[in-house]
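Participant: Have a look at this one before I ask anything.
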Amino acid sequence: MFVLVYVDDIIVASSTEQATSALLRDLKEQFALKDLGELHYFLGIEVHKTSSGILLTKEKYASDLLKRVGMADCKPVNTPLSTSEKLSLYEGTPLGAQDTTRYKSIVGALQYLTLTRPDISFAVNKVCQFLHAPTTIHWEAVKRILRYIKQCTGLGLKNHRSASTLVSAFSDADWAGCVDDRKSTGGFAVFIGTNLVSWSARKQSTVSRSSTEAEYKAIANATAEVMWIQTLLHEIGVKSPNAAKLWCDNLGATYLSSNPVFHARTKHIEVDYYFVRDRVKQKHLEIDFVSSKDQVADGFTKALPVRLVRILRSISTWQSCD
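In terms of the numbering used here, the sequence shown is residues 61 to 382.
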């Protein structure tokens, strides 16, 4: 039995209809409750049943957002961010007070859209970094994201039956990618079986002195998320292999996770080292190398060209309802 409560909205899920009916009956005895039947819509998320699972989309939300900005008939583009330019805090003309408020409102709306659209996570995270002082250049970047959404409003996240309950993750980092402070961007994608269940695109809080350090920080963040998901599965009674799998495309970071010798040059990431190393030592985590061309988390750390965006969207967890 699984119950999700948000203010006065409740989702009930169970492996048997009898358990669901019993819970609803008990709730009705204590509260004024209205049963809306099968799940179709929840907090702006549209739920579509398929032959093998469910499809989560925000097509109406995305369309309404485009209308709100006056871009319902805009010309679509194939990528959310340009790969040829790096956004900077110091480029462009500062927006006025009214336009700044509008910028914050639209970016906030885009953040909510990322709940079913991991493909725009990096782009939205990037424009979020300029909320305190947006410029005309940043506003153009936001409009490009909206133009990208225009050509795929029906894109969603598909969760289907999987024979495996293995928790696996891909971790990646773009070393010193920020042109303003040279901080790196870390990202991860976590799967249960073949279903994408969690992802992140976030600028790291400190400057890394090597690509290995940046990658290892990303591994530590992914490890924490994997641990949380493993604990959640245990609490709701879902059996999963004891050892999770984590894939990284940096050989130095991969070797460091299993190397019992702590080199002097890695002491500045000591906490992350021991955190990850402890999980590996206890056989709760296996870290292996993956080729960059197979790195799923690449799209959470940098802007991708059209070909790679299409590859990301072709992963089995993606499905267009158009």
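Note that CB positions come from ideal geometry on N, CA and C, so glycine has one too.
What are the partner residues of Ala73, as DSSP defines its beta bridges?
Facilitator: Phe62
Participant: Do you know offhand how far Ser268's Cα is from Ser244's?
Facilitator: 7 Å
Participant: Starting from Glu106, follow the alpha helix (DSSP H) in both directions and report where the run begins and ends.
Facilitator: Glu106 -> not in any alpha helix (DSSP H); beta strand (DSSP E) instead, spanning Ile105 to Lys109.
Participant: Can you check which of these residues, Pro301, Tyr150 and Ser352, is closest to Thr195 by C-alpha distance?
Facilitator: Tyr150
Participant: Do the CB positions of Gly246 and Thr143 come within less than 8 Å of each other?
Facilitator: no
Participant: Mind reading off the beta-carbon distance from Leu64 to Tyr121? Whole number of angstroms is fine, and I expect it under 8 Å.
Facilitator: Not confirmed; about 19 Å, so no contact.
Participant: With DSSP as the reference, label Ala303 as helix, strand or coil.
Facilitator: coil
Participant: Would DSSP call Glu285 helix, strand or coil?
Facilitator: helix
Participant: For Ser75 and Gly237, I'd like the C-alpha separation in whole angstroms.
Facilitator: 46 Å
Participant: Since His198 is in the alpha helix (DSSP H), which residue starts that stretch and which ends it?
Facilitator: Segment Thr196 to Lys210, the alpha helix (DSSP H) holding His198.
Participant: State the Cα-Cα distance for the pair His192 and Ser260, rounded to the nearest angstrom.
Facilitator: 22 Å
Participant: On the DSSP bridge list, what partners appear for Ser258?
Facilitator: Val250
Participant: Hey, could you find the ends of the alpha helix (DSSP H) Glu145 is sitting in?
Facilitator: Premise fails: Glu145 is in no alpha helix (DSSP H) and is neither H nor E.
Participant: Whole-angstrom Cβ separation of Val286 and Leu345, contact assumed at under 8 Å?
Facilitator: 7 Å
Participant: Where DSSP assigns a beta bridge to Phe335, which residues make up the other side?
Facilitator: Per DSSP, none; premise fails for Phe335.
Participant: Closest to Ala92 by CA distance: which of Asn310, Asp68 and Ala303 is it?
Facilitator: Ala92 has its Cα closest to that of Asp68, out of Asn310, Asp68 and Ala303.
Participant: Would you mind giving the Cβ-Cβ distance between Gly282 and Leu306, rounded to the nearest angstrom? I have them listed as a contact below 8 Å.
Facilitator: At residue 282 the sequence reads Ala, which differs from the Gly that was named. The pair is a contact, with the Cβ atoms about 6 Å apart (cut-off 8 Å).
Participant: May I have the straight-line CA-CA distance separating Trp199 from Ala183, to the nearest angstrom?
Facilitator: 12 Å
Participant: Can you list the beta strand (DSSP E) stretches of 3 or more residues lying completely in the region 112-196, in chain order?
Facilitator: 113-117
Participant: From Phe335 to Glu89, what does the alpha carbon distance come to, in whole angstroms?
Facilitator: If you take the alpha carbons of Phe335 and Glu89, they lie about 47 Å apart.
Participant: What span of residues does the beta strand (DSSP E) with Leu345 cover, start to end?
Facilitator: Leu345 to Phe349
Participant: Along the beta strand (DSSP E) that carries Ser318, what are the first and last residues, could you check?
Facilitator: That residue, Ser318, is in no beta strand (DSSP E); its alpha helix (DSSP H) goes Leu311 to Ser318.
Participant: What's the C-alpha gap between Asn302 and Lys343?
Facilitator: Going by the C-alpha atoms only, they are around 8 Å apart.
Participant: Grab the span of the alpha helix (DSSP H) containing Val369 for me, first residue to last.
Facilitator: Val366 to Arg373
Participant: Pull up the distance between the alpha-carbon of Ile375 and that of Ala357, whole angstroms please.
Facilitator: 12 Å
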